[in-house]
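Numbering (the working numbering), first residue to last: 11 to 482. Note that CB positions come from ideal geometry on N, CA and C, so glycine has one too. Quantities reported herein were computed from a predicted structural model and do not represent experimental measurements.
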């Protein structure tokens with residue numbers, strides 16, 4: 011047999027093998043196409059691991075929940091997806107309800123205009139992914155808190171969605187948990203766009219993680235790479251944090267975004283975030299780490315709550331728990347009306363053993379602490395075009411930090427900045443800077459470490475998040 015014949019035979023065998031494998035895959039992991047709510051429900055009820063249920067583009071009206079209680083697995087999830095992203099609208103009275111023992115379910119590409127409060131991942135539903143959808147749900151028309159999406163199961167992911175134009179009470183995303191005092195664990199919320207939540211009522215944050223009664227339980231929730239614009243539902247309009255041991259990082263809180271609030275709970279980390287023309291960050295509770303954040307043009311940058319209770323001494327969980335042992339280090343605050351403050355409170359308990367170190371404050375009103383503030387740690391800060399206010403004279407240097415804006419308008423150090431290698435004290439959790447670059451053994455004061463390494467982390471735009479963004 012000549013070489014040409016051998017190559018032809020090899021090609022034919024390879025093609026046959028490819029077709030056999032492809033057909034075997036489709037036979038084992040079926041692609042089921044549906045074009046009605048009833049056929050969708052039937053396909054879900056009959057689904058097996060690896061199946062893809064593709065819903066034909068169009069508008070689908072529900073009268074009851076689209077219930078899912080099926081199990082895929084890590085290598086063969088069950089996928090329920092729109093024919094094209096945004097091409098399928100779910101409206102009517104209800105949405106998807108993932109109930110126990112659902113696992114490894116992917117819901118992708120839908121536009122939800124159904125009633126608020128009806129899209130749920132319930133306790134016992136785990137390892138599910140809600141991705142590349144648009145949530146613009148209709149008002150339920152009844153009082154009470156009605157989230158766009160409620161999560162009570164463990165290990166679920168909410169990614170690359172748009173949550174927009176909410177008009178009634180309730181969060182865009184509400185992370186809760188089983189019973190009355192436990193939290194859903196390890197929820198991962200990333201690359202979502204939260205947009206246009208007008209002032210409404212209490213309980214109207216873009217994201218809420220927990221409740222007062224759950225606040226002493228750990229959620230281990232990670233909220234990262236999300237963009238918040240015009241999230242004004244309430245004063246805690248961006249994120250309302252009411253649990254323990256969470257990470258909030260690399261998000262952008264932009265135009266008219268109300269505050270990111272550590273309202274209840276302990277031991278969470280907030281780092282690498284951009285706060286641009288917002289009401290900034292407020293914290294209550296104990297042992298938080300707040301570092302490498304960038305604030306510019308905010309009405310308030312960082313607010314330390316003047317506590318009205320002490321949970322570990324028996325105060326109600328609904329109190330503003332006195333902040334204890336919180337570290338506020340290596341942040342940059344540019345031209346904010348208020349850089350750092352603890353406001354007045356009648357009979358306030360103040361805050362105890364708060365560290366404010368190695369921060370840069372340029373412009374704005376002086377630091378203001380009005381209340382009990384025992385055992386503080388103030389050191390290594392740089393101030394320019396403002397004064398120290400409540401800060402001790404030996405805790406800061408009044409010197410030009412020589413910052414210049416980059417193409418994104420974010421101020422960075424220049425090579426002759428006095429902030430370079432000026433960090434004081436040992437904060438081993440500070441390993442990178444606001445740009446995502448390594449700090450090294452001699453950290454620079456402020457959120458930025460001077461380097462020529464390309465920037466990894468920057469303010470997000472709408473091209474970075476939502477259904478049509480490229481996967482990072």
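{"Check": "Close beta carbons around residue 223, own chain, < 7 Å, minus the five adjacent residues each side", "Outcome": "190, 191 and 327"}
{"Check": "Burial state of residue 424, where buried means 16 or more other Cβ atoms lie within 10 Å", "Outcome": "exposed"}
{"Check": "Proximity winner among 410, 241 and 100, relative to residue 206 (alpha-carbon distances)", "Outcome": "241"}
{"Check": "Backbone secondary structure at residue 213 - three-state DSSP", "Outcome": "coil"}
{"Check": "Own chain, CB closer than 6 Å to residue 79, minus 5 neighbours either side, in chain order", "Outcome": "109 and 112"}
{"Check": "Cβ pair residue 421, residue 428 closer than 7 Å", "Outcome": "no"}
{"Check": "Beta-bridge pairing of residue 174 - partner residues as DSSP gives them", "Outcome": "205"}
{"Check": "Neighbourhood of residue 194 by C-beta, 7 Å cutoff - its chain only, sequence neighbours within 5 removed", "Outcome": "161, 162, 163, 164, 185, 186, 187 and 229"}
{"Check": "Cutoff 8 Å; reference residue 482; Cβ partners in own chain excluding five residues on either side", "Outcome": "201, 235 and 474"}
{"Check": "Segment contact, 8 Å Cβ cut-off, at least three pairs: the region 447-462 with the region 287-295", "Outcome": "no"}
{"Check": "Alpha-carbon spacing of residue 56 relative to residue 102, whole angstroms", "Outcome": "24 Å"}
{"Check": "Cut-off 6 Å between Cβ atoms - residues of its own chain near residue 88, not counting five sequence neighbours on either side", "Outcome": "57, 61, 80, 82 and 115"}
{"Check": "Outcome for residue 278 when other beta-carbon atoms lying within 10 angstroms are tallied against a minimum of 16", "Outcome": "buried"}
{"Check": "Per-residue DSSP class, three states only, for residue 48", "Outcome": "helix"}
{"Check": "Within 7 Å, strictly: CB atoms of residue 142 and residue 199", "Outcome": "no"}
{"Check": "Helix, strand or coil at residue 266 [DSSP, three-state]", "Outcome": "coil"}
{"Check": "Integer Cβ distance of residue 469 from residue 342, believed to fall under 8 Å", "Outcome": "At roughly 13 Å, the Cβ-Cβ gap does not stay under 8 Å, so residue 469 and residue 342 are not in contact."}
{"Check": "Assigned secondary structure, residue 470 (DSSP; H/G/I helix, E/B strand, else coil)", "Outcome": "coil"}
{"Check": "Of the listed residues 131, 440 and 384, nearest to residue 158 (C-alpha basis)", "Outcome": "131"}
{"Check": "Helix, strand or coil at residue 223 according to DSSP, with G and I counted as helix", "Outcome": "helix"}
{"Check": "Per-residue DSSP class, three states only, for residue 379", "Outcome": "strand"}
{"Check": "For residue 31, three-class secondary structure by DSSP", "Outcome": "A caution first: residue 31 carries a pLDDT of 43, below 50, which makes its placement in the model too unreliable to give a value."}
{"Check": "Spatial distance of residue 52 from residue 85 (CA atoms)", "Outcome": "23 Å"}
{"Check": "CA-to-CA distance, residue 76 to residue 301, given in whole angstroms", "Outcome": "43 Å"}
{"Check": "Under the three-state DSSP convention, the category residue 367 falls into", "Outcome": "strand"}
{"Check": "Segments assigned beta strand (DSSP E), at least 3 residues, entirely inside the region 293-346", "Outcome": "299-301, 304-306, 310-314, 337-339 and 342-344"}
{"Check": "Touching by the beta-carbon criterion (3+ pairs, under 8 Å), the region 368-377 and the region 389-407", "Outcome": "yes"}
{"Check": "Beta-carbon gap between residue 98 and residue 44 smaller than 7 Å", "Outcome": "no"}
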